[in-house]
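Quick notes on the structure that follows.
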Amino acid sequence: AFWKWSWDELVTYDLPAVFDYVYSQTGQKINYVGHSLGTLIALASFSEGKLVNQIKSAALLSPIAYLSHMNTALGVIAAKSFIGEITTILGLAEFNPKSLPVDGFLKPLCANPGVDCFDLLTELTGKNCCLNSSTVDRFLMNEPQSTSTKNMVHLAQIVRHGVLAKFNYVRPDYNIMHYGEIFPPIYNLSNIPHDLPLFISYGGQDALSDVRDVENLLDKLKFHDVDKRSIQFVKDYAHADYIMGFNAKDIVYNSVLSFFNGQINT
57 AFWKWSWDEL VTYDLPAVFD YVYSQTGQKI NYVGHSLGTL IALASFSEGK LVNQIKSAAL
117 LSPIAYLSHM NTALGVIAAK SFIGEITTIL GLAEFNPKSL PVDGFLKPLC ANPGVDCFDL
177 LTELTGKNCC LNSSTVDRFL MNEPQSTSTK NMVHLAQIVR HGVLAKFNYV RPDYNIMHYG
237 EIFPPIYNLS NIPHDLPLFI SYGGQDALSD VRDVENLLDK LKFHDVDKRS IQFVKDYAHA
297 DYIMGFNAKD IVYNSVLSFF NGQINT
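The numbering used here puts the first residue of the sequence shown at 57, with every later residue one more than the last.
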């Protein structure tokens, strides 16, 4: 039962629980920083009016609200091969990339032309410019961690369908049971409060957060108050540079802090 969740549950339960705890301890509105999936669940939450009374501003790094232009060959092949649905059918509720069953599914995908599974970090995140080997080695000692197979299915649905929606159970009767509708509801990002201060940073080499998908996100936010939206484009950055880049402090995080400090008196 533990693994019966997707990022919908992170939106509905986990992120609100974190916000409630921090807010109860500090009594202050929260400056939020999210990377990758952390941006997706934040944007989805904001679009449904969740957390907006507890948040002061948000910095979204390598946002992945949309994934239809994702250009990691392995990720695209996996999403279009319905690998999540396959493993769900076989009863693998936990998607552990290091386990033998999942490894058995991934090996045939690695045989596809254009897929380089000998350098999975680059294959999945893009040509990162600014990593050093010691940091990467330490990262790979603990990553990647398990997620739920249902979560992988949900992410694959974003890739395949090109829309940001709740989990699609495929069968109309299941969707009706969960949502009262035949099709899963859409997360309408244009519903995000236009006066919520947002800092968005994305990289030109990012294979997961492709520039075209970020531009789609920015289009959904086109009516956002101009003075409440700060956009940073880092030409040479890919997905992992944001969390492990040796120059990330100077290029990204100093800008994030400046953005947060600018909200102090607002």
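Glycine included, every Cβ here is placed at the ideal spot set by N, Cα and C.
Which partner residues of residue i appear in the DSSP bridge assignment?
{"i": "I97", "result": "The partner list for I97 (beta bridge, DSSP) is empty, contrary to what the question assumes."}
{"i": "I86", "result": "I111"}
{"i": "R285", "result": "L254"}
{"i": "D70", "result": "None, per the DSSP bridge assignment."}
{"i": "A221", "result": "I242"}
{"i": "T203", "result": "F151"}
{"i": "H234", "result": "Answer is none; H234 lacks a bridge partner."}
{"i": "H91", "result": "L117"}
By alpha-carbon positions, which one of the options ends up nearest to residue i?
{"i": "P169", "options": "D193, V132, F195", "result": "V132"}
{"i": "F195", "options": "K85, F279, S101, G301", "result": "G301"}
{"i": "K183", "options": "D266, G218, K284", "result": "D266"}
{"i": "A296", "options": "K284, S257, R227", "result": "S257"}
{"i": "F58", "options": "I120, A149, V108, D76", "result": "A149"}
{"i": "F75", "options": "K136, A304, I111, A294", "result": "I111"}
{"i": "L107", "options": "E271, D283, N198, L66", "result": "L66"}
{"i": "Y122", "options": "L220, L254, Q81, R227", "result": "L220"}
{"i": "M126", "options": "S80, N231, V270, V290", "result": "V270"}
{"i": "V89", "options": "I299, G147, I320", "result": "I299"}
{"i": "S314", "options": "Y79, L254, S189", "result": "L254"}
{"i": "P240", "options": "M197, H210, D292, V192", "result": "H210"}
Give a yes or no on whether 8 Å exceeds the smallest Cβ distance from residue i to chain B.
{"i": "L107", "result": "Looking for chain B here will not work: only one protein chain is present."}
Can you round the beta-carbon distance between residue i and residue j to whole angstroms, since I take them to be within the 8 Å contact cut?
{"i": "S62", "j": "N207", "result": "5 Å"}
{"i": "F151", "j": "T203", "result": "5 Å"}
{"i": "L252", "j": "K222", "result": "With a Cβ gap of about 22 Å, L252 and K222 do not count as contacting."}
Practice task
Say whether the stretch 104–117 touches the stretch 77–94, bearing in mind that this needs 3 or more beta-carbon pairs closer than 8 Å, one atom from each stretch.
Solution key: yes
Problem - contact_flag[the stretch 204–214, the stretch 247–254] where n(CB pairs < 8 Å) is 3 or more - result: no
Practice task
Could I get the ranges of all uninterrupted beta strand (DSSP E) runs contained in the stretch 256–317, with 3 residues as the minimum, in chain order?
Solution key: 285–290
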